[in-house]
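Undergrad:
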Amino acid sequence: MLPRLHRNEFVKEAALQWVVQHGYAGIFSLLIFGIVGLPVPDELLLTFSGYLVFNHTLRPVPTFLAAFFGSSCGITFSYLLGRILDTYVIVKYGRVLHITHERIDHVHAWFERRGRWVLTIGYFVPGVRHLTGYVAGVSKLRLPIFMLFAYSGAFCWAATFISLGYFLGEQWRSMETFYEGRLIIIGLVAVAGVGTIIFLIARDLRSYR
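Heads up, the sequence shown is in my numbering, so the first residue is 11 and it goes up one at a time.
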């Protein structure tokens with residue numbers, strides 16, 4: 011069996027190669043699996059996607075839409091599982107997704123303190139984002155409320171990291187080490203990311219005319 015570090019590097023490179031080969035469909039599918047809880051390097055994938063927009067391999071509109079809908083579908087699937095199954099079943103069969111009672115209790119505590127906003131900000135916290143959908147479902151949060159907060163988070167999260175990849179250009183790999191321990195800084199640039207993605211989409215739409 012490969013050492014853990016080597017396995018992680020293999021997964022990262024395999025995910026990036028998948029995006030290169032399959033483009034928008036690759037982004038969409040990997041983010042579904044990543045949000046559900048499989049070991050997909052989500053932020054790295056989004057940053058790389060932004061770099062591919064930078065070098066004109068991908069276009070801004072379909073890149074953002076693939077990322078937004080992929081993450082939205084992933085968290086919606088998690089939410090529906092939470093609605094249908096109870097916590098015991100999710101923990102029992104969710105070990106492969108690193109779902110434990112301790113992690114679920116941690117996210118539950120976040121919900122009690124921060125309310126529905128956890129669905130929005132949780133995207134920026136590794137180890138938490140793939141549990142917020144389950145917890146919202148188990149808590150029987152109404153679907154329209156879930157969609158409002160979860161999809162807003164998906165929009166900001168995708169816009170932030172795609173924009174970072176776009177602006178970093180050839181230095182996009184530097185984001186991999188910068189992200190460690192800098193969640194607050196990343197959150198602060200989310201607003202700038204949203205503005206950037208709107209600008210890129212508007213420019214891309216004009217080019218279609």
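Just so you know, even glycine gets a beta-carbon here, dropped at the ideal spot from N, CA and C.
Predicted, not measured: the structure shown is a model, and the values here were computed from it.
Distance, Cα to Cα, residue 34 vs residue 95?
TA: Their Cα atoms are separated by approximately 32 Å.
Undergrad: Helix, strand or coil, according to DSSP, for residue 24 in the structure here?
TA: helix
Undergrad: Whole-angstrom Cβ separation of residue 26 and residue 58, contact assumed at under 8 Å?
TA: Right, the Cβ-Cβ distance comes to about 5 Å (below 8 Å), so this counts as a contact.
Undergrad: In angstroms, rounded to a whole number, what distance separates the CA positions of residue 47 and residue 20?
TA: 18 Å
Undergrad: Do the region 73-85 and the region 155-173 meet, that is, are 3 or more Cβ pairs less than 8 Å apart?
TA: yes
Undergrad: Can you round the beta-carbon distance between residue 53 and residue 171 to whole angstroms, since I take them to be within the 8 Å contact cut?
TA: Contact holds; Cβ gap of about 5 Å.
Undergrad: Please confirm whether residue 39 and residue 167 have their CB atoms less than 8 Å apart.
TA: no
Undergrad: Are the beta-carbon atoms of residue 61 and residue 175 separated by less than 8 Å?
TA: Yes, Cβ-Cβ distance for residue 61 and residue 175 is below 8 Å.
Undergrad: Give me the Cα-Cα distance between residue 22 and residue 32, rounded to the nearest whole angstrom.
TA: 15 Å
Undergrad: In the structure shown, what three-state DSSP assignment does residue 151 receive?
TA: coil
Undergrad: Between which residues of its own chain and residue 89 is the CB-CB distance below 6 Å, once the five residues before and five after are set aside?
TA: 143, 146, 147 and 156
Undergrad: Which of the three DSSP states, helix, strand or coil, is assigned to residue 69?
TA: coil
Undergrad: Could you tell me if residue 30 is buried or exposed, where buried requires 16 or more neighbouring beta carbons within 10 angstroms of its beta carbon?
TA: exposed
Undergrad: With distances taken from CA atoms, which of 69, 126, 185 and 139 is nearest residue 151?
TA: 126
Undergrad: Looking only at C-alpha atoms, which of 179, 185 and 50 sits nearest to residue 18?
TA: 50
Undergrad: Residue 169: which of 140, 180, 153 and 75 sits nearest, CA to CA?
TA: Among 140, 180, 153 and 75, the Cα nearest to that of residue 169 is on 75.
Undergrad: Hey, quick one: how far does the alpha helix (DSSP H) through residue 58 stretch, first residue to last?
TA: For residue 58, the enclosing alpha helix (DSSP H) stretches over residues 52-64.
Undergrad: Rounded to the nearest angstrom, what separates residue 128 and residue 140 at their Cα positions?
TA: 12 Å
Undergrad: Between residue 73 and the rest of its own chain, which residues show a CB-CB distance below 6 Å, the 5 nearest in sequence each way excluded?
TA: 59 and 63
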